[in-house]
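Student: Protein chains in written order, with my numbering: chain C, 25 to 348; chain Y, -15 to 672.
Beta carbons are placed, not taken as given, at the ideal position from N, Cα and C, and that holds for glycine.
Could you have a look at this structure, given as C-alpha cells, before my questions?
Right, here's the structure in full:
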C-alpha cells in the first residue's frame, strides 16, 4: 500500500512538473510569443481569444504568480482557447474529436508490440546459438528505422502497389461515425496498415531487451533448479525464466513508452489518420500554439496513466516490491 | 602464503574458466566490426562527401521525378533535384545533429547522474526525481513544442532541444552505476585518505564508468538522429537545410509514396536505419564486455543419442507410486543389487571439459566413484577443483561450454534396473530428474524463484511428476514436506524473500525430498549459513536420511563437516580424485599430502586441538596444469618423479589392519615403483 501511495505521489509530481513546464517554456523563449501570435493573427482574434493566448503564453503587466494561478485555472477547466488551424473550434473540441482514434490505435498497438516482442525475445534468448540468433541483427535494424519512413514503405507496397489497404484516412467516406458495423469494420480495415507499421517498428526494441534479460536470467540458479526438478520446458521457460526476465522490461516500460508513442504519433501523419498525431502536425504547420500546448498536455497525461498501469502490473508481478 | 580453501563467492561458480583478454575479443567480434565500418563510412561521407560532389542539393532542374539512372544515380525529386547529392549533404546535417546532441546529452546526464549518485541525502533524491520526471515525459511532443518556438535556428537549436528532452535515460543509468561504485573499497579508500568529492568523482569513479558512458553516448546519438528526422519530417526545422529528415518531409509533402517515387524516400530512411544499426552493433560489443553472461555459452547443448536403457523402461520406473521408506535401510529389497550398501550410482572414468577457449579445460578428469545405497559420500576440495562441475554432471545440468566428453554414469534403481544417465533423452531425463536424483544448491536465495511462493515451487514438482495427484493431495504433501524439515506448514504461502536464510535452505531440502528420491546431491548446502544454523541444517539432513533411507552426495570445501557427517570422503584436486577413504580413516590417517594439508587448515568442531597449517600456494590454473602430478608444485613432499608422472588413483593393497576399508590414493609416494623413496609407505601427517 505504501509503495502504491509513493508511486501515486511520484505521478502527481510529474504531472505537476509537466504542466508547469508547459507554462514556463513560452515565457523563457526569446521574444514575446504571445504578442507575436496576436500580431500574426491580427484582426482574426476576438478579445476572448486574445485573453486566452495571453493566459497561456504570457500576459504583459501581470505578475508571474498570478499568471501561473490563472493558467492552472484554465488547465483544470480544460479551457485552452480557440484553435487557429481549426478556427473557430475550441482547442478542447479538436482534441476530443481526435483522441479516441489515437488511444485505440496506439493503445492496442503498443500492447501488441510489447507482448509480441517480449514473447519473441523469450524464445530467442531461450536457446542461444541457434538460427534464432539471426533475428538479433534483423530486429536491431528494424528498431533503428524511423516509424514514419517505415509507414511510407508500407503505403508504397501494400496500398499503392498491391491495393490491399487504403493509402490514408481512418474510415470510408460517407460513413456515420458511431457504434454501427459499417463504420467499425471500415475503421478496422483502415487501421490495419498503420497498426502493422507501429507494431513491426516497436517490436524490435522489446525483443532485444527481453532477449538479453532472458540470457542473464537463464544463468540463475533457480532456472537450473527448475530444470533439475524435471519440469516441462514450457514451465521452465515461462514461469521460471520468462516470468523473472520480463520484470525489467515492465519497469523499463516508462522509458520506452514516450518514445513509442512519439513514433506512433508521427506514423499517424503519414497515414493521414484522424488521430492526435495528424492534428499535431497541422497545429505545428499552422503554428497553432494553443492546440500544440493542449496536445502536449494530453499526451503527457495519457503516458503518465499508462505508466501508472505498468507500475501496478509490476507490483502485482514482483512480490518483493510489495513490502517496505 | 597460506590459503584456506574457504572462498564462498568462488565456490558458487561451477569452476568456469575465465578466458583472458576477452574484452578485446568482444570488441573484435564480427558484429562490432560491421558496426564500426558502417559508422565509419557515413562519418567519412558526412565530412568529405559535400567537398567531392559538385552541385547544389537544392538546385532545381527540369529533370523531375527521374528514376535512378547513370546521370542521377539515385534519381531526382519532384523539383528535379539530385537525390544522391541530397543524401550526401543530408549525412552531414544528420550526423552533425546526432553526434552534437549525443555529446551534449551525455555530458549533461553524466553531470546529473554522477553527482546524484555520489552525493547522498536530499540533493541526491531531488536529482533522481528530476531525472525520473523527465524520463516519463513523452519527449516527442515536448520537442515539437520547443522546436516550434525556435524556427530557423539551424542545427544548434535542434541540438539543444534534443539535449533538453533526451538526457534523463542516461542520467538514470549513470546514477545507478555510480551508486554501485560508491561503495567499492577503492572509493572508500580514496575518501579515507581525504580526497575531495570532485577529485574522487573524476579520478576514481569516472574511469570505471567509461564503458557505460560510451554505451549511453552511442545510444543518445541514435536517438538524436531519429529525433532530428522526426522534427524535420514534421517540417519544424529549417526545411531548406538538407538533412535526411528534411528529404523525407519533402517526399511526404509531395506524395512521393503515392507517385511511387521510391528512390526519393527509400535512401534517406535506409541511411538513418543503417547508422542506427551500426551504432547499436558497437553497443552490443561493449555490452558483451560489460556483461559476461551475454557472452558466455555458445552452442546449444548437443542432443545425446537416444537412451539406451540397460534394462526395463524408464517410463514405468517414473510412474511407480510414491514410495515411503519406513525403516533405516529400506524395505523389501527387490532384485539383485538393491539392498542397503549396494551401489546406487557408479561413475566410471567421467571426464568433463569446458570447450569455450582455445584449449579445452578438463574440469573433471577421469573420475570414478561409487555411491552406495543409504550412504553419505562427501566430496571435498578447493574452489575450482571440479567438485561442483561433478555435481552438475551427475544431474546432467551442465551448460555449454561445459560438456561430458567421456565416461559412464550408471544409476541402479531399487528394483535392480540400471540406467545410463548420460544417454537419457530429453523426455526421459525430465522423468528421471528429481524422481531418482534431486539436488540442493548452495544459495537457497538464488535457487528459489523469487516471484513464486514456496508452496508453488514444491507443488510444481508434484504437478510435473504426479499428474494423477489431486490438488488437495498435493497441498497435503507440501505441508507434510515442510513439517518434515521443521518449517511451519502455513509458510507454504510465503515468498522466498520473506524467509530467513536457514528456513530457505530447509525449504530447499523439503523440495529435494518431494518425490522420495534415491539420491540427493547437496552442493555446498550449508556454506552460506552461519555456524549455528549450519548445525541445525546438518542435523535435519542426517535425521531425514536415517528415516527415509536416501543416499547423499555432499559437496563442500569444509572437510571437518564432511568428517562428521559422511561415511566415505573423496578429495578432489584439479579435476581428479586424489584420495578416497572412509571418513574415519581419512581423519585418522590422511594419505595424500593434499588431504593432510586440507585437514590442517580446519579446526574441528569436536576433535582434539591441533596446529593449523593449511596448504601452501594457490589453487592451480586449470588452463595450464603443471606436468606430472597437478599438486606437485605445492606439495611439501614432492620428489623428482612427481614432475613427469601423473599418478593414477590406486587402491592400497596393504591397508592398516585397524581400518576395515581399503583407501585409494593418487600419489607416487604410494606407488610400488617408488618404494625406494624414503617416506614410501610411512603415511599420515601425524594428525591422530
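Consider the Cβ of residue 435(Y): report whether some Cβ of chain C lies at a distance smaller than 8 Å.
Tutor: Here the question's residue 435(Y) lines up with position 451 in the second chain. Yes, because at least one Cβ of chain C sits closer than 8 Å to the Cβ of residue 435(Y).
Student: For residue 188(C), does the count of other Cβ atoms within 10 angstroms reach 16, so buried, or fall short, so exposed?
Tutor: Here residue 188(C) is taken as the residue at index 164 of the first chain, counted from 1. Result: exposed.
Student: Listed from N- to C-terminal order along the chain, which residues in the segment 190 to 218 of chain Y have their beta-carbon within a distance smaller than 7 Å of any beta-carbon of chain C?
Tutor: 206, 210, 213, 214, 217 and 218
Student: Quick one: what does DSSP say residue 531(Y) is sitting in, helix, strand or coil?
Tutor: By one-based count along the second chain, residue 531(Y) stands at place 547. Residue state, collapsed to three classes: helix.
Student: Closer than 9 Å between beta carbons: that is the criterion. Which residues of the segment 255 to 281 of chain C meet it against chain Y?
Tutor: 255, 256, 257, 259, 263, 264, 267, 268, 271, 278, 279 and 281
Student: Give the range of the alpha helix (DSSP H) segment to which residue 338(Y) is assigned.
Tutor: Against the second chain, residue 338(Y) aligns to sequence position 354. No alpha helix (DSSP H) holds residue 338(Y); the beta strand (DSSP E) holding it covers 327 to 338.
Student: With a threshold of 16 other CB atoms inside 10 Å of the CB of residue 172(Y), please say whether the residue is buried or exposed.
Tutor: The residue given as residue 172(Y) occupies position 188 in the second chain. Burial call: exposed.
Student: Buried or exposed for residue 576(Y), going by 16 or more other Cβ atoms inside 10 Å?
Tutor: For the purposes of this step, residue 576(Y) is taken as the residue at position 592 of the second chain. Per the 10 Å Cβ criterion, buried.
Student: If you follow the alpha helix (DSSP H) that residue 352(Y) is in, where does it begin and where does it stop?
Tutor: By one-based count along the second chain, residue 352(Y) stands at place 368. First-last for residue 352(Y): 345 to 356, but that is the beta strand (DSSP E), not the alpha helix (DSSP H).
Student: For the segment 405 to 489 of chain Y, which segments carrying the alpha helix (DSSP H) assignment without a break, of at least 4 residues, lie completely within its bounds, in sequence order?
Tutor: 410 to 416, 428 to 431, 438 to 449 and 455 to 468
Student: Residue 260(Y) versus chain C: which residues are under 7 Å apart at the beta carbon?
Tutor: Sequence index remark: in the second chain, residue 260(Y) carries index 276 (1-based). Those are 168, listed as they occur along chain C.
Student: Ordered along the chain, which non-local residues of its own chain (more than five positions away) have a Cβ less than 7 Å from that of residue 221(C)?
Tutor: Locating residue 221(C) in the first chain gives position 197, counting from the first residue. Excluding residues within five positions, the ones whose Cβ falls inside 7 Å are 171, 174, 175, 178 and 291.
Student: Can you give me the C-alpha to C-alpha distance between residue 147(C) and residue 256(C), rounded to a whole angstrom?
Tutor: Along the first chain, read from residue 1 onward, the residue named residue 147(C) stands at position 123. Along the first chain, read from residue 1 onward, the residue named residue 256(C) stands at position 232. Cα to Cα, residue 147(C) sits roughly 15 Å from residue 256(C).
Student: By the three-class DSSP mapping on this structure, what secondary structure does residue 343(C) have?
Tutor: Reading the first chain from its first residue, position 319 is the one you call residue 343(C). Residue state, collapsed to three classes: helix.
Student: Based on DSSP bridge pairs, tell me the residues matched to residue 364(Y).
Tutor: Walking along the second chain from the start, residue 364(Y) turns up at place 380. Answer by DSSP bridge pairing, in chain order: 540(Y) and 555(Y).
Student: Please list, in chain order, the residues of the segment 435 to 465 of chain Y that have any C-beta partner in chain C closer than 9 Å.
Tutor: 435, 436, 437, 440, 441, 444, 445, 447, 448 and 449
Student: How about residue 488(Y) and residue 556(Y): do their beta carbons lie closer than 8 Å?
Tutor: The residue given as residue 488(Y) occupies position 504 in the second chain. The residue given as residue 556(Y) occupies position 572 in the second chain. The answer is no: Cβ separation not under 8 Å.
Student: Taking the runs of the alpha helix (DSSP H) that are 4 residues or longer, which of them lie wholly in the segment 205 to 234 of chain Y?
Tutor: none
Student: Is there a C-beta anywhere in chain Y that falls below 8 Å from the one on residue 246(C)?
Tutor: Residue mapping note: residue 246(C) aligns to position 222 of the first chain, counting from 1. With 8 Å as the cut-off, residue 246(C) counts as an interface residue toward chain Y.
Student: Looking at the structure shown, is residue 382(Y) part of a helix, part of a strand, or coil, going by DSSP?
Tutor: Residue 382(Y) sits at position 398 when you count from the first residue of the second chain. In the three-state reduction of the DSSP assignment, residue 382(Y) falls in the coil class.
Student: What would DSSP say about residue 151(C), mapped onto helix, strand or coil?
Tutor: Counted from its first residue, the first chain places residue 151(C) at position 127. Here residue 151(C) sits in coil by DSSP.
Student: Among 605(Y), 520(Y), 653(Y) and 603(Y), whose alpha-carbon lies nearest the alpha-carbon of residue 624(Y)?
Tutor: Translated into the one-based positions of the second chain, residue 624(Y) becomes position 640. The residue with the shortest Cα to Cα distance from residue 624(Y) is 653(Y).
Student: What does residue 253(Y) reach in chain C if we use C-beta pairs closer than 9 Å?
Tutor: Residue numbering aside, residue 253(Y) sits at position 269 when the second chain is read from its first letter. Near residue 253(Y) (Cβ distances below 9 Å), the residues of chain C are 169, 170, 172, 173, 174, 176 and 177.
Student: How should residue 216(C) be labelled, buried or exposed, when 16 other C-beta atoms within 10 angstroms of its C-beta is the threshold for buried?
Tutor: For this step, residue 216(C) is matched to residue 192 along the first chain. So residue 216(C) counts as exposed.
Student: Secondary structure at residue 24(Y), three-state DSSP: helix, strand or coil?
Tutor: Counting from one through the second chain, the residue named residue 24(Y) turns up at place 40. Helix at residue 24(Y).
Student: In chain order, what residues of the same chain lie with their CB nearer than 6 Å to the CB of residue 31(C), ignoring the 5 residues before and after it?
Tutor: Along the first chain, read from residue 1 onward, the residue named residue 31(C) stands at position 7. Result list for residue 31(C): 335, in chain order.
Student: For the alpha helix (DSSP H) containing residue 30(C), name the first residue and the last one.
Tutor: Taking the first chain and counting its residues from 1, the one referred to as residue 30(C) is at position 6. From DSSP, the alpha helix (DSSP H) with residue 30(C) extends over 26 to 52.
Student: Taking CB distances under 8 Å as the criterion, tell me whether residue 343(C) reaches chain Y.
Tutor: By one-based count along the first chain, residue 343(C) stands at place 319. Under the Cβ distance rule, residue 343(C) counts among the residues neighbouring chain Y, one pair being separated by less than 8 Å.
Student: Looking at residue 166(C) and residue 253(Y), is the spacing between their C-beta atoms short of 8 Å?
Tutor: The residue labelled residue 253(Y) in the question sits at position 269 within the second chain. The residue labelled residue 166(C) in the question sits at position 142 within the first chain. Not closer than 8 Å, so no.
Student: Could you spell out where the alpha helix (DSSP H) holding residue 682(Y) opens and where it closes?
Tutor: Lying before the first or after the last residue shown, residue 682(Y) is absent from chain Y, which here runs from -15 to 672.
Student: Do we get a CB-CB distance below 8 Å when we pair residue 323(C) with the residues of chain Y?
Tutor: Indexing the first chain from 1 puts residue 323(C) at position 299. It does: the Cβ of residue 323(C) has a partner Cβ on chain Y nearer than 8 Å.
Student: Assign residue 109(Y) to buried or exposed, taking buried as 16 or more other Cβ atoms, counted over all protein chains shown, within 10 Å of its Cβ.
Tutor: Numbered from 1 along the second chain, position 125 holds the residue referred to as residue 109(Y). Residue 109(Y) comes out exposed.
Student: If you draw a straight line from the C-alpha of residue 157(C) to the C-alpha of residue 142(Y), how long is it?
Tutor: One-based indexing of the first chain puts residue 157(C) at position 133. One-based indexing of the second chain puts residue 142(Y) at position 158. Cα-Cα distance, rounded: 37 Å.
Student: Are the CB atoms of residue 216(Y) and residue 203(Y) within a distance shorter than 8 Å?
Tutor: Mapped onto the second chain, residue 203(Y) falls at position 219. Mapped onto the second chain, residue 216(Y) falls at position 232. Their beta carbons are not under 8 Å apart, which means residue 203(Y) does not touch residue 216(Y) by this criterion.
Student: Using 7 Å as the cut-off, classify the Cβ of residue 181(C) as near or not near the heavy atoms of the ligand SAH, replying yes or no.
Tutor: In the structure shown, the ligand SAH is absent, as is every other ligand, since no ligand is present at all.
Student: By DSSP's criteria, residue 649(Y) is part of a beta bridge. Which residues make up the other side?
Tutor: Counted from its first residue, the second chain places residue 649(Y) at position 665. In DSSP, residue 649(Y) forms a bridge with 563(Y) and 634(Y).
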